[in-house]
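First to last, the sequence lines map onto chains X and E. Residue 3 is where the first sequence starts when you use the working numbering, and the numbers rise one by one after that. Residue 430 is where the second sequence starts when you use the working numbering, and the numbers rise one by one after that. First comes the structure, then the notes that go with it.
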Amino acid sequence: MTVGIVMLVHEALDRAEQVARHWSAHGCPVVIHIDTQVSRPDHTDFTERLGKLDNVRFSKRHRCEWGTWNMVAASQGASELMLAEFADVRHVYLASGSCLPLRPVDELKQYLEDRPMTNFIESVTTEDVPWTVGGLDAERFTLRFPFSWKKQRKFFDGYVRLQRRLGFRRKIPVGLVPHLGSQWWCLTRQTLSAILEDPDRSDYDAYFRRVWIPDESYYQTLVRLYSSNIESRSLTLSKFDFQGKPHIFYDDHLQLLRRSNCFVARKIWPRANRLYDTFLSDNPDIMIGAEPNPGKIDRIFAKAVDRRTRGRPGLYMQSRFPNAGWENGKTCAPYSVFEGFADLFEEFEDWLGKMVGARVHGALFAPGKVEFAGRQKVFSGALSDRAMLRDYNPKSFLTNLIWNTRGEHQCFQYGPRDTQGFDWFVAADSNAQISVISGAWAVPLFHSNRNFTEIRKEAARLQKIEAKHLGVLRSPHTKARVRIWSMADFIESPMEPLQTVIDEIGPRNLRRLTEAPRMVDLTGFGQFLQNLKNQGMHPHLMGDFPSGDTMPETPRRRRKPYLVKK
Amino acid sequence: MGALRSYRLRLQRKRWRIRAFRKRRDLSAVQNRTGQIAPDDMLVFSTLRNEKIRLEYFLRYYRDMGVNHFLIVDNGSDDGSLEYLTEQPDVSIWSTGASYKRARFGADWLNWLQSRYGHQHWTLVVDVDEFLIYPFCDTRPIRALTDWLDASSIRSFSAMLLDMYPKGPINTFPYAEGQNPLEIANWFDSGNYTVSKNTKFGNLWIQGGPRARSFFHDRPERAPALNKIPLVKWHRDYAYVSSTHMVLPRGLNQTFDEWGGEKASGCLLHAKFLDTFGTKAAEELIRKQHYAASHEYKAYHKHLKDNPDLWCKWSEKYINWRQLEILGLMSKGNWA
Numbered sequence: 003m004t005v006g007i008v009m010l011v012h013e014a015l016d017r018a019e020q021v022a023r024h025w026s027a028h029g030c031p032v033v034i035h036i037d038t039q040v041s042r043p044d045h046t047d048f049t050e051r052l053g054k055l056d057n058v059r060f061s062k063r064h065r066c067e068w069g070t071w072n073m074v075a076a077s078q079g080a081s082e083l084m085l086a087e088f089a090d091v092r093h094v095y096l097a098s099g100s101c102l103p104l105r106p107v108d109e110l111k112q113y114l115e116d117r118p119m120t121n122f123i124e125s126v127t128t129e130d131v132p133w134t135v136g137g138l139d140a141e142r143f144t145l146r147f148p149f150s151w152k153k154q155r156k157f158f159d160g161y162v163r164l165q166r167r168l169g170f171r172r173k174i175p176v177g178l179v180p181h182l183g184s185q186w187w188c189l190t191r192q193t194l195s196a197i198l199e200d201p202d203r204s205d206y207d208a209y210f211r212r213v214w215i216p217d218e219s220y221y222q223t224l225v226r227l228y229s230s231n232i233e234s235r236s237l238t239l240s241k242f243d244f245q246g247k248p249h250i251f252y253d254d255h256l257q258l259l260r261r262s263n264c265f266v267a268r269k270i271w272p273r274a275n276r277l278y279d280t281f282l283s284d285n286p287d288i289m290i291g292a293e294p295n296p297g298k299i300d301r302i303f304a305k306a307v308d309r310r311t312r313g314r315p316g317l318y319m320q321s322r323f324p325n326a327g328w329e330n331g332k333t334c335a336p337y338s339v340f341e342g343f344a345d346l347f348e349e350f351e352d353w354l355g356k357m358v359g360a361r362v363h364g365a366l367f368a369p370g371k372v373e374f375a376g377r378q379k380v381f382s383g384a385l386s387d388r389a390m391l392r393d394y395n396p397k398s399f400l401t402n403l404i405w406n407t408r409g410e411h412q413c414f415q416y417g418p419r420d421t422q423g424f425d426w427f428v429a430a431d432s433n434a435q436i437s438v439i440s441g442a443w444a445v446p447l448f449h450s451n452r453n454f455t456e457i458r459k460e461a462a463r464l465q466k467i468e469a470k471h472l473g474v475l476r477s478p479h480t481k482a483r484v485r486i487w488s489m490a491d492f493i494e495s496p497m498e499p500l501q502t503v504i505d506e507i508g509p510r511n512l513r514r515l516t517e518a519p520r521m522v523d524l525t526g527f528g529q530f531l532q533n534l535k536n537q538g539m540h541p542h543l544m545g546d547f548p549s550g551d552t553m554p555e556t557p558r559r560r561r562k563p564y565l566v567k568k
Numbered sequence: 430m431g432a433l434r435s436y437r438l439r440l441q442r443k444r445w446r447i448r449a450f451r452k453r454r455d456l457s458a459v460q461n462r463t464g465q466i467a468p469d470d471m472l473v474f475s476t477l478r479n480e481k482i483r484l485e486y487f488l489r490y491y492r493d494m495g496v497n498h499f500l501i502v503d504n505g506s507d508d509g510s511l512e513y514l515t516e517q518p519d520v521s522i523w524s525t526g527a528s529y530k531r532a533r534f535g536a537d538w539l540n541w542l543q544s545r546y547g548h549q550h551w552t553l554v555v556d557v558d559e560f561l562i563y564p565f566c567d568t569r570p571i572r573a574l575t576d577w578l579d580a581s582s583i584r585s586f587s588a589m590l591l592d593m594y595p596k597g598p599i600n601t602f603p604y605a606e607g608q609n610p611l612e613i614a615n616w617f618d619s620g621n622y623t624v625s626k627n628t629k630f631g632n633l634w635i636q637g638g639p640r641a642r643s644f645f646h647d648r649p650e651r652a653p654a655l656n657k658i659p660l661v662k663w664h665r666d667y668a669y670v671s672s673t674h675m676v677l678p679r680g681l682n683q684t685f686d687e688w689g690g691e692k693a694s695g696c697l698l699h700a701k702f703l704d705t706f707g708t709k710a711a712e713e714l715i716r717k718q719h720y721a722a723s724h725e726y727k728a729y730h731k732h733l734k735d736n737p738d739l740w741c742k743w744s745e746k747y748i749n750w751r752q753l754e755i756l757g758l759m760s761k762g763n764w765a
């Protein structure tokens, strides 16, 4: 008993010939269907060369366009010829010209010998297949498809829409339950002949003639009528990408293919010399007796599809530039923005750096210079500290920084004095953790040695900017984790908010904070605000500060009372 | 896009084609071997001037990749480039003394040659200091890529220009003829590129890298564009608009995904910054034949006086395409 190979060929005839010779030399009869697209001289050449082999036959030619009935007609004709001409064939294996046997033919024969009644054909009901192209699964069987999907796509889509709107449905012949699956199968003589010799075959054929991509459903459906011994998987390793076209194997897949233990792989790049040389040589050092296990290849191709459809979050580059809202992650990792902290605390950066296992920058968007951690002139990814380069595209600057430092949490200071204009981007980024002490920008003004009119003007400007910024952060579209304290509330009890923010950044310090950052001297700040008010400006973002010197004492004088233990 | 805008772009494309047709008279064939070109051959198009020292490696690099024929315009070289190329069996060469600037920096000449000889071929337009890197380029010939693009119905492939530089002042390492320039200039900036979209032509506009960082930090908008679409399955109706940055019809510029996915893309390693660069820049400054009143070369000249070191602590050393893929400079897309 042996296995017969039905081969559908339409291109790369030299490779097809090579493979056909391989099968034939190992005692497998081959019936070849050559597409009518193949030119006459090529065809004559091909048949003459292979015709000399006594177990090779050629079946009646059809014009096979993808997704049409002729693919099935071709395999039917070739299968009939196979069953009629070669009596010792027990299994028939449908393959294409770009299929390559990966294991010695004798292994395949032995494998089938051990399972004489088993049909290997992927056959799944329409509800259970996620991989159909064009969103058509059950409708493949109930609509009509007179137009070519490849050449007349507009008509194809239009006609489908029309039928849907009219509620048109074809009747599925009684007794048939539509199944789908890979078109590469291996059936027993018994089952295959039952399908081909069925008295109702003409009815079934007439029905499937108008089904879309019948080569993925004809045998898959009919086999359910005649056999209960079905292994619903294909012996041919064949992976499809998101557009429904097969992935191609190249020389560098050699080891993967070897380890897959599959019998036949499709589709092989015709110029992959090393693959053809290796697998068609009779070197039996490969894969003895193992079950096919394409898991690793599956993973690689699944990853490729994922990269094409979802991409790497937070990456903006020449071939990934998502429209707003489609980024699937505006940045690639969480980062923290501190607003007002550096104004309120002395050396806040250093303190924060000690407390968390993260990279702490100064005001990245400061006017004049980018304040990278350690005030480096260039930072990760060769980002420059030049303000003009940054301000040319602040959004790119931020996404680049976060992308370049993958694996390390970034923190930076921000405030109304800095470059504005990308609040919405940050606010809508679920990776952003934004903590704001509102109104703290007034502290440097309070300490500055400037004319009061100037200070008043500047205060009004900064307040306006921050008010707008807070408006964005409080909008319902914000996805960032936002925490806003007014300055008055914050200095009331600074430790608790600091603890929350720091816990969020990283797991390095799971203990309570032991050291508070040093707050700047705020003596007279209330009076300062009162002076602003007296000048006609209303500083409202700080919260309520009593005027005069009834300020709470600054923490400078009551250092670490909470550290005292008995 | 409205019908009017679409029609305007169509007119513009026709204009570039007519211009290319007129500019064909600039070119005189020195050695025309285009008869050798087989129907599915892969072609390289290039213009050059006084690049003899780079030619040997350039040709070898692309021959090894699987390029079948080179079509080159020589713009008045006097260093033996023309003679060297004439001897090569797979090079067709045209010579011209006409103005590079008035041929829109060579684009008109190449548009003409491409429409004449590149129709229905995969064509790669590169300068002699640009080296194409694509996914799996260490194991698969370029033919594997173009076959895959064909099978996926993709007509154009983008490859961002990645400026390479040596570690140390540019003049320190002398380049020898035939040497791989990437042995000297093997460092690059990995993550300081800004991307924005050009809605008119539908392409991306990418700037950044060491040139923006060192020469254009006070005028970032003038930093050179790095987006390129050098590999196109050419049709005689197509036209490059400005160098290989943009091409019409605008569908060819859609080399990026807008719905979160990544399309396959490559990189052009740009080995411009060798010790030959100083003399080159000085010469180009006098010839005034470069883009936007040669402001780029003016900027170079200003800085080159003090023999700059483009290298910094955060520069990356080039290893292979996988490294560029991981860094997010190029992508495999769904090619596996």
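Ideal Cβ positions, reconstructed from N, Cα and C, are used throughout, including at glycine.
Exercise for the section: With distances taken Cα to Cα, identify the nearest neighbour of SER625/E among GLY637/E, TYR729/E, TRP616/E and VAL554/E. Expected result: Per the Cα distances, GLY637/E.
Practice task
Say whether chain X places a C-beta atom closer than 8 Å to the C-beta of TRP764/E.
Solution key: By this cut-off, TRP764/E is an interface position.
Practice task
Taking only beta-carbon positions, decide if ARG572/E is within less than 8 Å of chain X.
Solution key: Yes, its Cβ sits closer than 8 Å to a Cβ of chain X.
Practice task
Measure from the C-beta of ARG560/X to each C-beta in chain E and report whether the shortest distance is under 8 Å.
Solution key: Here the model assigns ARG560/X a pLDDT of 49, short of 50, so the residue's position is not dependable, and the following value carries that caveat. Taking a beta-carbon distance threshold of 8 Å, ARG560/X does not count as an interface residue toward chain E.
Exercise for the section: Entirely within the stretch 227–292 of chain X and at least 4 residues each: give me those alpha helix (DSSP H) ranges in chain order. Expected result: Counting only runs of 4 or more, we get 256–262 and 275–282.
Handout entry: Residues within the stretch 376–391 of chain X neighbouring chain E, beta-carbon criterion of under 7 Å
Key = Of all residues in the stretch 376–391 of chain X, VAL380, PHE381, SER382, GLY383, ALA384, LEU385, SER386, ARG388, MET390 and LEU391 have a Cβ within less than 7 Å of some Cβ in chain E.
Problem - Residues of its chain near PHE122/X, where Cβ-Cβ distance is below 7 Å and the 5 sequence neighbours each way are ignored - result: Contacts found: TRP187, CYS188, GLU233, ARG235, SER236 and LEU237.
Practice task
Taking LEU406/X as the reference, give the member of SER744/E, GLU650/E, ASN627/E and THR476/E with the closest Cα.
Solution key: One detail in the question is off: residue 406/X reads as Asn in this sequence, not Leu. Ranking SER744/E, GLU650/E, ASN627/E and THR476/E by Cα distance to ASN406/X puts SER744/E first.
Handout entry: Identity of the residues DSSP links to HIS181/X by a beta bridge
Key = Looking at the DSSP assignment, HIS181/X forms a beta bridge with THR127/X.
Practice task
With distances taken Cα to Cα, identify the nearest neighbour of HIS719/E among ALA532/E, GLY505/E and SER506/E.
Solution key: Among ALA532/E, GLY505/E and SER506/E, the Cα nearest to that of HIS719/E is on ALA532/E.
Exercise for the section: To the nearest angstrom, report how far apart PHE685/E and ALA588/E are at their CA atoms. Expected result: CA-to-CA, the gap between PHE685/E and ALA588/E works out to about 11 Å.
Practice task
Take PHE448/X and list the residues in its own chain whose beta-carbon comes closer than 7 Å to its own, dropping the five residues that flank it on each side.
Solution key: PHE527 and PHE530, listed in sequence order.
Problem - Assigned secondary structure, HIS35/X (DSSP; H/G/I helix, E/B strand, else coil) - result: HIS35/X sits in a strand when the DSSP states are folded into three classes.
Practice task
Please report the Cβ distance between PRO418/X and LEU464/X, rounded to the nearest whole angstrom; I am assuming they are in contact, meaning their Cβ atoms lie under 8 Å.
Solution key: So it is a contact: roughly 4 Å between Cβ atoms.
Problem - For PHE632/E, the three-state DSSP class (helix, strand or coil) - result: What sits at residue 632/E in the sequence shown is Asn, not Phe. It is a strand residue.
Practice task
Give a yes or no on whether 8 Å exceeds the smallest Cβ distance from GLU329/X to chain C.
Solution key: Included in the structure are the protein chains X and E, with no chain C among them.
Handout entry: Residues that DSSP places opposite GLU650/E in a beta bridge
Key = Beta-bridge annotation (DSSP): GLU650/E is not paired with any residue.
Exercise for the section: Spell out whether any CB of chain E is found under 8 Å from the CB atom of ILE325/X. Expected result: In the sequence as displayed, the identity of residue 325/X is Asn instead of Ile. At least one chain E Cβ lies under 8 Å of ASN325/X.
Practice task
Give the straight-line distance between the Cα atoms of ASP503/E and THR476/E, rounded to the nearest whole angstrom.
Solution key: Linking ASP503/E to THR476/E through their CA atoms gives a straight-line distance of about 6 Å.
Practice task
Leaving aside the five residues before and after PHE547/X along the sequence, list all residues of the same chain whose C-beta is less than 6 Å from its C-beta, in chain order.
Solution key: The beta carbon of PHE547/X lies closer than 6 Å to those of ALA490, GLY528 and LEU531 in the same chain, with the five residues before and after it left out.
Exercise for the section: Within the same chain, show all residues whose beta-carbon is closer than 7 Å to that of PHE630/E, passing over the 5 residues directly before and after it, in chain order. Expected result: Once the five neighbours on either side are set aside, the close Cβ partners of PHE630/E are VAL670, MET675, ARG679 and ASN682.
Problem - Rounded straight-line distance, which links the Cα of ILE635/E to that of ASN2/X - result: As displayed, chain X neither begins before 3 nor continues past 568, which places residue 2/X out of reach and without an answer.
Handout entry: Test: MET494/E CB closer than 8 Å to a CB of chain X
Key = No, because no Cβ of chain X sits closer than 8 Å to the Cβ of MET494/E.
Handout entry: Reference VAL179/X, options TYR161/X, LYS153/X and PHE210/X, closest by Cα
Key = It is PHE210/X whose Cα lies nearest to the Cα of VAL179/X.
Problem - Buried/exposed call for MET319/X, threshold 16 Cβ in 10 Å - result: Under this definition MET319/X is a buried residue.
Practice task
List the residues of chain E that ARG261/X touches, going by C-beta distances under 9 Å, in chain order.
Solution key: None at all; the shortest Cβ gap to chain E is about 16 Å.
Practice task
Taking 8 Å as the cut-off, decide whether the C-beta atoms of ALA434/X and VAL358/X are in contact.
Solution key: For the pair ALA434/X and VAL358/X, the CB atoms are not nearer than the 8 Å cut-off.
Handout entry: Limits of the alpha helix (DSSP H) - the one that ALA384/X falls within
Key = According to the DSSP assignment, ALA384/X belongs to no alpha helix (DSSP H), since it is labelled neither H nor E.
Handout entry: 6 Å CB neighbourhood of GLN165/X in its chain, flanking five on each side removed
Key = The residues are LEU145.
Exercise for the section: Could you name the residues of chain E that ALA306/X contacts, counting a contact when the two beta carbons are closer than 9 Å? Expected result: Neighbours of ALA306/X on chain E, chain order: LYS761, GLY762, ASN763, TRP764 and ALA765.
Problem - Proximal chain E residues relative to THR333/X, where beta-carbon distance stays under 9 Å - result: By Cβ distance, chain E contributes nothing, its closest Cβ being about 13 Å from THR333/X, past 9 Å.
Handout entry: Against chain X: residues of the stretch 661–683 of chain E by CB proximity under 8 Å
Key = Residues of the stretch 661–683 of chain E with a C-beta less than 8 Å from any C-beta of chain X: none at all.
Handout entry: ARG155/X versus PHE147/X - alpha carbon distance
Key = Taking the CA atoms as reference points, ARG155/X sits about 11 Å from PHE147/X.
Exercise for the section: Measuring alpha carbon to alpha carbon, tell me which of GLU494/X, LEU52/X and LEU15/X ends up nearest VAL40/X. Expected result: Looking at GLU494/X, LEU52/X and LEU15/X, the one whose alpha-carbon comes closest to that of VAL40/X is LEU15/X.
Handout entry: Residue range of the alpha helix (DSSP H) that includes ALA711/E
Key = It spans 706–716 - the alpha helix (DSSP H) in which ALA711/E sits, taken as one unbroken run.
Problem - Members of the stretch 685–717 of chain E that neighbour chain X once the beta carbon cut-off is set at 8 Å - result: The residues in question are PHE685, ASP686, GLU687, TRP688, GLY689, GLY690, GLU691, LYS692, ALA693 and SER694.
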